[in-house]
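Structure, as structure tokens:
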Amino acid sequence: MNPDQFQKNSMFVETPEDGGKNFDDDGRVKRTGTWITASAHIITAVIGSGVLSLAWAIAQMGWVAGPAVLFAFSFITYFTSTLLADCYRSPDPVHGKRNYTYSDVVRSVLGGRKFQLCGLAQYINLVGVTIGYTITASISMVAVKRSNCFHKHGHHDKCYTSNNPFMILFACIQIVLSQIPNFHKLWWLSIVAAVMSFAYSSIGLGLSVAKVAGGGEPVRTTLTGVQVGVDVTGSEKVWRTFQAIGDIAFAYAYSNVLIEIQDTLKSSPPENKVMKRASLIGILTTTLFYVLCGCLGYAAFGNDAPGNFLTGFGFYEPFWLIDFANICIAVHLVGAYQVNN
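The sequence shown runs 1 to 341 under UniProt numbering.
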């Protein structure tokens, strides 16, 4: 039988003649990923620039709706991830033919024009996300330079610095890393990026705790967030609430790369079971950090919480710690860009 015809008509793919020691059932190089590397990929993909705006998002909705929306999106993300994990192989989730990308899953399940429309939407989203990562990484690099300028010349100095050179630098790094042919060879980058995400989230969390414990100028927090007639107008309250919900939804988004992450896993135990475990660990870890960073950030800054509590200079000192946190953001986004790309 022609090998191409065999792959088309069967849920199994021929294994090379070497007995399959170095190859998987689809003839590709044997995958070696585990729930640990998958969890790292997930944390890298999920915890990104979104965590930095959570204090602002909570401030728009208040103590009641803010955490409730966070928990709601964590549950929605986990539930949809378990459904998508079973689509990596089809028609059988354990022994079926592999789908290598999200688009392949859509083609397998829906087919035809729906596949084309979904692929278009996915790639538009990927372009938007990677542009956002480039901008955010450059802002963090600029923040390091500005932080040192503020420390040297005082907080009232403008310390203007252009983002453009740092965008070019970030783009050059991505071009180099994109030459690595196999995504699973970048597992080390995801581990480093996950550590970086924990580092800057922990720094932001620690600074928020220090600000709350240290007292200083009183801040105003409410059950419903920013108040109409005091902080914002009625229309601004509506639009800011929608933007806050969008920020939280964006902070949890990783479905577009879930299948690619699952494709790095070794086939025993079954990939769908390992991916569900990795998704649970990744989303629980992410949610814990999101709740802590969002709620403590809101407690620290109140209804005046900045859009980015590290680069928005909600904090100025200690400047070296702020610099380190922003470097961690930039390094993390280098890895997150590769995971999404």
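A virtual CB, placed ideally from N, CA and C, is assigned to each residue, including glycine.
Cβ neighbour criterion (16 or more within 10 Å) applied to residue i
i	result
Leu296	buried
Arg146	buried
Trp35	buried
Lys211	buried
Ser208	buried
Asp18	Model confidence at Asp18 stands at a pLDDT of 49, short of 50, so the residue's coordinates are unreliable and nothing is read from them.
Gly234	exposed
Ile43	buried
Lys97	buried
Glu271	buried
Met1	Because Met1 sits at a pLDDT of 48, beneath the cut-off of 50, its placement in the model cannot be relied upon, and the following sentence gives the value as read from the coordinates. Counting Cβ neighbours within 10 Å, Met1 comes out exposed, since fewer than 16 surround it.
His156	exposed
Ala305	buried
Asn164	exposed
Ile124	exposed
residue 344	For residue 344 there is no data in the structure shown, the boundaries of the chain being 1 and 341.
Asn22	exposed
His153	exposed
The alpha helix (DSSP H) enclosing residue i, as first and last residue numbers
i	result
Cys328	Phe319 to Asn340
Phe75	Leu54 to Ala85
Asp263	Premise fails: Asp263 is in no alpha helix (DSSP H) and is neither H nor E.
Pro165	Asn164 to Leu177
Simplified DSSP state of residue i, which is helix, strand or coil
i	result
Ile245	helix
Arg220	coil
Ser190	helix
Lys145	helix
Ser39	helix
Lys97	strand
Ser268	coil
residue 423	Nothing about residue 423 can be reported from this structure: the residues present for the chain run from 1 to 341 only.
Cys159	coil
Gly154	coil
Ile131	helix
Gly215	coil
Leu120	helix
Tyr254	coil
Thr44	helix
Leu110	coil
Ile180	coil
Thr34	coil
Rounded distance between the beta-carbons of residue j and residue i, thought under 8 angstroms
i	j	result
Ser138	Phe166	4 angstroms
His332	Ala244	Contact flag wrong, Cβ pair sits at about 23 angstroms.
Ile203	Ala325	4 angstroms
Ser330	Met61	The identity of residue 330 in the sequence shown is Ala, whereas the question assumes Ser. Contact flag wrong, Cβ pair sits at about 29 angstroms.
Val339	Ser190	6 angstroms
Ile248	Ala55	With a Cβ gap of about 12 angstroms, Ile248 and Ala55 do not count as contacting.
Thr37	Thr264	7 angstroms
Ile283	Ser53	Actually they are not in contact, since the Cβ atoms of Ile283 and Ser53 sit about 19 angstroms apart, beyond 8 angstroms.
Ala45	Ala336	6 angstroms
Gly302	Val219	3 angstroms
Trp320	Thr221	About 29 angstroms; that fails the 8 angstroms criterion.
Identified DSSP bridge partners for residue i
i	result
Phe23	Val29
Val232	Val228
Arg89	Arg98
Residue i beta carbon near the ligand MN (any heavy atom closer than 8 angstroms)
i	result
Val331	Ligands are entirely absent from the displayed structure, and the ligand MN is therefore not among its contents.
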